[in-house]
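Chains as they are written, first to last, in our numbering: chain A, 258 to 399; chain B, 193 to 581.
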Amino acid sequence: MMTTAIAKIAKALPVPTGETQPFWEGCRNQELRIQQCGACGHYQFYPRLYCTACMSEQVEWVRASGRGTVLSFTVVYRPVTKAFAEEVPYVVALVTLEEGPQLMSNIIECDPEQVAIGMPVESVFEDWSEDIAVLKFRPVLA
Amino acid sequence: MESLRGKVAIVGAADTEVGVVPQLSATQLYVNAAKRALEDAGITKAEVDGLITCNSFVEPYMYHAEMIAEYMQIFPRYCLNVATGGGTTLAILHHAAAAIASGMCHTVLITMADNMLSGLSRDRAIEAMSTAGHAQFERPYGPPIPAFYALIAQAHMHAYGTTSEQLAAVAVACRRHASMNPAAQMRDPITVDDVVNSRMIASPLHLLDCSLVSDGGAALILTSAERARDFPHPPVYMLGVGEGHSHEHISQARSLTTSAAKEAGERAYAMAGLGPKDIDVAELYDCFTPVVVIELEDLGFCPKGEGGRFVEGGRIELGGELPVNTHGGMMSHCHPGHPGSMFSVTEAVFQLRGACGPRQVKDANIAFVHAQGGIMSTHCSMILGKEVG
Numbered sequence: 258m259m260t261t262a263i264a265k266i267a268k269a270l271p272v273p274t275g276e277t278q279p280f281w282e283g284c285r286n287q288e289l290r291i292q293q294c295g296a297c298g299h300y301q302f303y304p305r306l307y308c309t310a311c312m313s314e315q316v317e318w319v320r321a322s323g324r325g326t327v328l329s330f331t332v333v334y335r336p337v338t339k340a341f342a343e344e345v346p347y348v349v350a351l352v353t354l355e356e357g358p359q360l361m362s363n364i365i366e367c368d369p370e371q372v373a374i375g376m377p378v379e380s381v382f383e384d385w386s387e388d389i390a391v392l393k394f395r396p397v398l399a
Numbered sequence: 193m194e195s196l197r198g199k200v201a202i203v204g205a206a207d208t209e210v211g212v213v214p215q216l217s218a219t220q221l222y223v224n225a226a227k228r229a230l231e232d233a234g235i236t237k238a239e240v241d242g243l244i245t246c247n248s249f250v251e252p253y254m255y256h257a258e259m260i261a262e263y264m265q266i267f268p269r270y271c272l273n274v275a276t277g278g279g280t281t282l283a284i285l286h287h288a289a290a291a292i293a294s295g296m297c298h299t300v301l302i303t304m305a306d307n308m309l310s311g312l313s314r315d316r317a318i319e320a321m322s323t324a325g326h327a328q329f330e331r332p333y334g335p336p337i338p339a340f341y342a343l344i345a346q347a348h349m350h351a352y353g354t355t356s357e358q359l360a361a362v363a364v365a366c367r368r369h370a371s372m373n374p375a376a377q378m379r380d381p382i383t384v385d386d387v388v389n390s391r392m393i394a395s396p397l398h399l400l401d402c403s404l405v406s407d408g409g410a411a412l413i414l415t416s417a418e419r420a421r422d423f424p425h426p427p428v429y430m431l432g433v434g435e436g437h438s439h440e441h442i443s444q445a446r447s448l449t450t451s452a453a454k455e456a457g458e459r460a461y462a463m464a465g466l467g468p469k470d471i472d473v474a475e476l477y478d479c480f481t482p483v484v485v486i487e488l489e490d491l492g493f494c495p496k497g498e499g500g501r502f503v504e505g506g507r508i509e510l511g512g513e514l515p516v517n518t519h520g521g522m523m524s525h526c527h528p529g530h531p532g533s534m535f536s537v538t539e540a541v542f543q544l545r546g547a548c549g550p551r552q553v554k555d556a557n558i559a560f561v562h563a564q565g566g567i568m569s570t571h572c573s574m575i576l577g578k579e580v581g
């Protein structure tokens, strides 16, 4: 895992809440944190007050492996706002983590045309400010 | 659970002018649609005792239905503002039917409109584009709205071998139907080549795989089946209705290739006592071409994975096995935002009245309408018929 340079263009910074703060602290420390239920072992993301499988309150933060596979992806040619214009074409993907939960991310450090469903990827963190690092993924080299 | 089957009918239906309508504000479009629907039903506003709207993105009010009632000076006993994105239209009809069947009110006016094309400042247009998705866990990755649907299309292609040419066939069918509809915003016929050669927006979706941005509104008048016989037009009965809700954010979807349209459709068929083979015309939500392919599968018109092949060869065009989006859909007729699928309902009513001229489906007795909102998140299916049977 590595940290890339601070992004130049002003994108809207994610604003952590009490519920999500441990995740963002993890990102700042280049660590992917998800929740695991102490009662039934279920992993979940995004963070929640209760376990979505058994409604237990015993949800605990754990460090995920950071490895996953591409569930689906798209190469974006028309950016959502000017803040993303310099990155076109960029890959928006859904990634299934090794532990089970799925999440949205970008696949970076590769040619967008090389991205494929099922491709193994690993987490990488991009610093956007002093406090916020954004979770992204890159292909796992064979 | 008591069934709503055949208890409620649509007795008034009307669209405003659609497409580019800069002369009317969003609120004026709501009221213009309402006035036309009242005229179609041959009643005065005094006879309306229930009013349901969706909010306007361009001109929102905290109490939107009350605002429209106030503007029109009607004083309903039942007044509700519903929001489930693109699924709002049919969810509203579901609520209206339940209100009538339970005696909360007798005659409901549903009006929906917006002017996403002419009414938005540059800043608000950007806001409309960039505020989709989870603020912390989706938006940082820069997905424009087409990208959310591109994730679904890519997954379907990978799982079932669906091709860009097959997706394009949906856009071609909608445009062919729009070419026969003088009200439609885009009427020049297009080919599969035109679609696959149009600008790539978010792979695999091209510009012509995406629906329009429009102004426009539509309104409906509903009443009980018993009262419905006393109106100028023959009633169109609600035979089946069902909803399905699976997620808010696409990153949390149970499946990318099978949607809650499956539950919505099954519930609507079960209530109607009908199946896919009984449907003469289908008006399906078409914000992006892959949505129609997945709906055709989930609603049982073809097996899962066969949607791409099903839309080929003119099968969903007028004269084909199942004409889909006979008005041109949101791909070619108009898409003013939340009200998008209202035009599917008014078109279904016009088809069942036999009032569609060159785009009329011969012997149309049973129509299927489906709407979805969010990113395949909220679904509502409805089966409409000329007879209670």
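All C-beta atoms, glycine included, are put in the ideal place defined by N, C-alpha and C. This one's a predicted model, so the numbers in the text were calculated from it and none came from an experiment.
Interface flag for L360 (chain A) against chain B is set, since a Cβ pair is found closer than 9 Å.
Closer than 9 Å to the CB of Y347 (chain A) there is at least one CB belonging to chain B.
Think of a sphere of 8 Å around the beta carbon of P336 (chain B): the chain A residues whose beta carbon falls inside it are V333, R335, P336, V337, in chain order. Between the C-alpha atoms of A327 (chain B) and S406 (chain B) there is a straight-line separation of about 26 Å. Taking 9 Å as the cut-off, the beta carbon of A563 (chain B) is found no closer than this to the beta carbon of G242 (chain B). A direct Cα-to-Cα measurement between S390 (chain B) and I266 (chain B) gives close to 47 Å.
Contact of N363 (chain A) with chain B by beta-carbon distance below 9 Å involves P332, Y333, G334. With 16 or more other CB atoms across the displayed protein chains lying within 10 angstroms of its CB, N363 (chain A) is buried. In this chain, the beta strand (DSSP E) harbouring E379 (chain A) covers 377-384. For E579 (chain B), the closest C-alpha among the options B:V553, B:V541, B:G549, B:I567 is that of B:V541. Straight-line spacing of the CA atoms in G334 (chain B) and V337 (chain A) works out to 6 Å. Around Q328 (chain B), the beta-carbon contacts reaching into chain A at under 9 Å are P271, V272, P273, T274, T277, F280, W281, Y303. Setting aside the 5 residues that flank it on each side, C284 (chain A) is surrounded in the same chain by F382, A390, L392, each with a C-beta closer than 6 Å to its C-beta; the list follows chain order.
A check of alpha carbon separations from G506 (chain B) across B:H298, B:V274, B:V362 identifies B:V362 as the nearest. Take A411 (chain B), set aside five residues on each side of it, and the residues of its chain with a beta-carbon closer than 7 Å to its own are A206, A225, A226, R228, A229, L301, I302, T303, in chain order. Within chain B, the residues L343, A347, I442, S443, A445, L448 have their CB atoms less than 9 Å from the CB of L351 (chain A), given in chain order.
Under a criterion of Cβ atoms nearer than 8 Å, no residue of chain B is adjacent to S380 (chain A); the nearest Cβ is some 14 Å distant.
For G353 (chain B), the closest Cβ of chain A is not nearer than 9 Å.
Taking a Cβ-Cβ cut-off of 7 Å, the neighbours of F341 (chain A) in chain B comprise G334, given in sequence order.
When C-beta atoms of the stretch 511-525 of chain B are compared with those of the stretch 350-366 of chain B, three or more pairs fall below 8 Å, so the two segments count as touching. CA-to-CA, the gap between H350 (chain B) and R290 (chain A) works out to about 30 Å. DSSP, reduced to helix, strand and coil, places N224 (chain B) within a helical segment of the structure shown. For R331 (chain B), no alpha helix (DSSP H) encloses it, and the DSSP letter there is neither H nor E. The count of Cβ pairs closer than 8 Å, one atom from the stretch 323-339 of chain A and one from the stretch 360-378 of chain A, reaches three, so the stretches are in contact. Between the alpha carbons of I558 (chain B) and Q292 (chain A) lies a gap of roughly 49 Å.
A contact between stretches requires three or more CB pairs, one per stretch, nearer than 8 Å, and the stretch 430-444 of chain B meets this requirement with the stretch 460-477 of chain B. Beyond the five residues adjoining it in sequence on each side, R269 (chain B) comes within less than 8 Å, by CB distance, of D241, G242, M296, C297 in the same chain, given in chain order. The three-state reading of DSSP puts R290 (chain A) in strand, counting E and B together. Using a C-beta cut-off of 8 Å, the stretch 528-535 of chain B makes contact with the stretch 280-292 of chain B, since at least three inter-stretch Cβ pairs fall below that distance. In terms of Cα proximity to S416 (chain B), the closest of B:I471, B:S195, B:V200 is B:V200.
Take M308 (chain B), set aside five residues on each side of it, and the residues of its chain with a beta-carbon closer than 6 Å to its own are V405, P528, G529, in chain order.
Taking a contact as a CB-CB distance under 8 Å, the pair A324 (chain B) and I337 (chain B) counts as one, their CB atoms being some 5 Å apart. In the DSSP annotation of this structure, the continuous segment of the beta strand (DSSP E) that includes Y347 (chain A) starts and ends at 347-354. Close to V391 (chain A), with beta-carbon spacing below 9 Å, are these residues of chain B in chain order: P332, Y333.
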